[in-house]
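Working notes for the structure below.
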Ligand SMILES: NC(=O)c1ccc[n+]([C@@H]2O[C@H](COP(=O)([O-])OP(=O)(O)OC[C@H]3O[C@@H](n4cnc5c(N)ncnc54)[C@H](O)[C@@H]3O)[C@@H](O)[C@H]2O)c1
């Protein structure tokens with residue numbers, strides 16, 4: 007574990023330098039900030055945990071960076087501090103829930119709890135969620151179901167980020183989806199991705215860090231490619247895999263928005279908007295592995311698949327082969343050991359919120375090397391940078 011340092015203190019830390027904090031202290035601070043805004047203790051702790059977990063996984067784009075946006079939405083009432091989730095229809099294995107514009111993470115966690123319970127009863131459960139909100143990383147929720155012995159698929163829609171293939175009107179969300187499964191001695195395997203070349207949060211993160219974005223991520227409003235994050239935020243994020251990314255995203259909106267009775271297309275409002283209700287919808291499908299056969303046999307087959315994949319020959323540019331979710335597991339292990347590095351701008355906004363709320367900032371710590379540098383190595387392919395690679 008990193009050591010707490012006497013100097014520099016939270017108050018005197020260089021505003022230009024990133025800081026290191028421990029996950030627990032960061033969670034405590036965020037929870038307190040949310041409780042001061044009227045969020046019940048357990049819901050505040052859940053939302054804080056999702057943000058800190060995103061940081062641990064190396065997805066800072068969905069971490070503390072988001073807290074000021076959520077706080078502004080709580081302040082305006084666009085997102086209600088107390089989340090009421092209500093069933094609209096209940097067919098046993100298929101339930102439609104209304105999140106009544108509550109906190110997306112809280113609504114989704116309730117859907118997961120219900121989905122696991124119903125999958126245990128029926129073998130499979132579909133939970134359709136309307137009028138929810140931005141829920142952060144999809145894997146936070148599918149992993150929980152996989153840890154409970156289920157295969158889970160979760161889809162959400164999100165505010166417009168890309169144009170349909172061949173167009174230049176921003177009308178389709180990044181609409182991420184995640185699939186997770188228990189994997190015996192390997193824990194859980196989990197895929198979680200937005201259908202854009204990159205999650206839009208990574209463009210916001212680059213803008214906050216004052217860095218250019220790689221070519222291929224985004225275009226200006228007129229469709230011209232750009233490496234400037236601010237131009238990209240006002241313009242278009244490119245779909246992943248060309249037209250395929252666009253059509254997947256379109257169909258994810260059919261599942262998460264149209265089917266659930268929630269907002270869809272260009273009517274979904276993002277967390278960046280402090281005033282308007284989100285309207286985001288989600289579809290969760292949970293399958294109880296035990297209902298398909300012997301869970302021990304499933305685990306053994308999963309282990310075989312993972313082992314076989316790991317044993318493949320390496321490409322010249324790579325130093326290892328990872329299965330879905332392993333990159334995040336490695337990042338988590340490193341950051342739990344060394345601390346979470348927060349960008350100066352993120353630290354400044356956290357400080358502002360903490361001061362406003364009368365909540366102490368997490369103490370800064372000294373990493374193993376005594377510096378605040380990135381401690382996680384990645385084995386990303388040459389064309390798909392992660393948060394770590396856009397960081398200084
Ligand atoms: N709630 C929302 O509206 C919303 C919108 C967009 C994105 N997001 C979230 O943002 C996060 C980031 O999305 P993203 O599309 O940028 O993800 P990403 O590109 O960082 O990762 C995509 C997937 O590829 C895997 N992966 C990446 N590099 C790998 C490697 N070298 N070897 C093996 N696997 C590898 C990851 O484990 C992950 O499953 C996700 O958690 C997503 O849910 C949420």
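Residue numbers (our numbering): 7 to 398.
Ideal placement from N, C-alpha and C gives every residue a C-beta, glycine not left out.
Verify the contact flag: residue 220, CB atom, against every heavy atom of ligand 1, threshold strictly below 7 Å. no
Along the chain, where does the alpha helix (DSSP H) that runs through residue 361 open and close? 350-363
In this structure, does DSSP put residue 375 in helix, strand or coil? With a pLDDT of 47 at residue 375, under the threshold of 50, the modelled position of this residue cannot be trusted, and the question is left open.
Please report the distance separating the alpha-carbon of residue 137 from that of residue 276. Taking the Cα positions, residue 137 is about 13 Å away from residue 276.
Is residue 53 near residue 109, with beta carbons less than 8 Å apart? yes
With 16 other Cβ atoms within 10 Å as the buried cut-off, status of residue 97: Around the beta-carbon of residue 97, fewer than 16 other beta-carbon atoms lie within 10 Å, marking it exposed.
So what does DSSP say about residue 151, is it helix, strand or coil? Three-state DSSP puts residue 151 in a helix.
Would you say residue 218 and residue 202 are within 8 Å of each other, going by their C-beta atoms? no
As an exercise, report each continuous alpha helix (DSSP H) stretch of at least 4 residues that is fully enclosed by the segment 207-277, in chain order. 235-240, 249-259
Start and end residues, alpha helix (DSSP H) containing residue 124: 110-128
Could you give the residue range of the alpha helix (DSSP H) that holds residue 36? 29-41
Can you tell me whether residue 369 is helix, strand or coil according to DSSP? DSSP places residue 369 in the coil class of the three-state scheme, outside both helix and strand.
Pairwise C-alpha distance: residue 214 and residue 156: When rounded, the distance between both Cα atoms is 38 Å.
If residue 119 sits next to residue 85, beta carbons under 8 Å apart, how far is it from one beta carbon to the other, in whole angstroms? The pair is not a contact, with the Cβ atoms about 20 Å apart (cut-off 8 Å).
Taking the alpha helix (DSSP H) that residue 301 belongs to, which residues open and close that run? 301-316
In this structure, does DSSP put residue 323 in helix, strand or coil? In the structure shown, the three-state DSSP call for residue 323 is coil.
Would you call residue 184 buried or exposed, if buried means 16 or more other Cβ atoms sit within 10 Å of its Cβ? buried
Contact under 8 Å by Cβ, residue 112 with residue 49: yes
Could you name the residues that DSSP lists as bridge partners for residue 26? 347
Nearest neighbour of residue 39, chosen from 64, 289, 80 [CA to CA]: 80
Please report the residue range of the alpha helix (DSSP H) in which residue 107 lies. That residue, residue 107, is in no alpha helix (DSSP H); it is neither H nor E in DSSP.
Quick check: does the Cβ of residue 192 come within less than 7 Å of any heavy atom belonging to ligand 1? no
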